[in-house]
Amino acid sequence: MSAIILNYLNQFRTRFNEEIKISVNDLLIKIAAIALVRVPVINSSWEECGTKKYDSIDIAIAVKDGLLTPIIRNADKKSLICNF
762 MSAIILNYLN QFRTRFNEEI KISVNDLLIK IAAIALVRVP VINSSWEECG
812 TKKYDSIDIA IAVKDGLLTP IIRNADKKSL ICNF
């Protein structure tokens with residue numbers, strides 16, 4: 762099932778990349794942002810005094826010299842065209 766979904770994701774990306782360049786990371790961030798708006802409890806943690814909800818997406822991207830860890834705020838409101 763996941764291979765089928767990734768196949769559709771790559772087809773979409775290929776079609777979109779004819780005009781602008783969008784990475785798989787860009788698409789996954791956008792998908793996660795939409796899911797987190799629909800089910801905000803996913804982006805939360807348990808604390809001593811209750812649940813703490815977060816409003817950003819923190820990701821880690823491996824690069825040649827180490828790891829990039831950007832925090833993306835309001836990702837659900839950003840366009841795929843803008844650079845995350």
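First residue of the sequence shown: 762, per my numbering; consecutive thereafter.
Quick reminder that beta carbons are idealized off the backbone N, C-alpha and C, glycines included.
A quick note: this is a predicted structure, and the numbers were derived from the prediction, not measured.
| query | result |
| --- | --- |
| In whole angstroms, what separates the C-alpha of Lys814 from that of Ser763? | 28 Å |
| Do you know whose CA, among Glu808, Ile803, Leu767, lies nearest Leu788's CA? | Leu767 |
| Counting pairs of beta carbons, one from the region 790-802 and one from the region 810-824, are three or more of them closer than 8 Å? | yes |
| Any idea which residues DSSP pairs Ile822 with across the strands? | Leu829 |
| Which residues does DSSP list as the beta-bridge partners of Thr812? | Trp807 |
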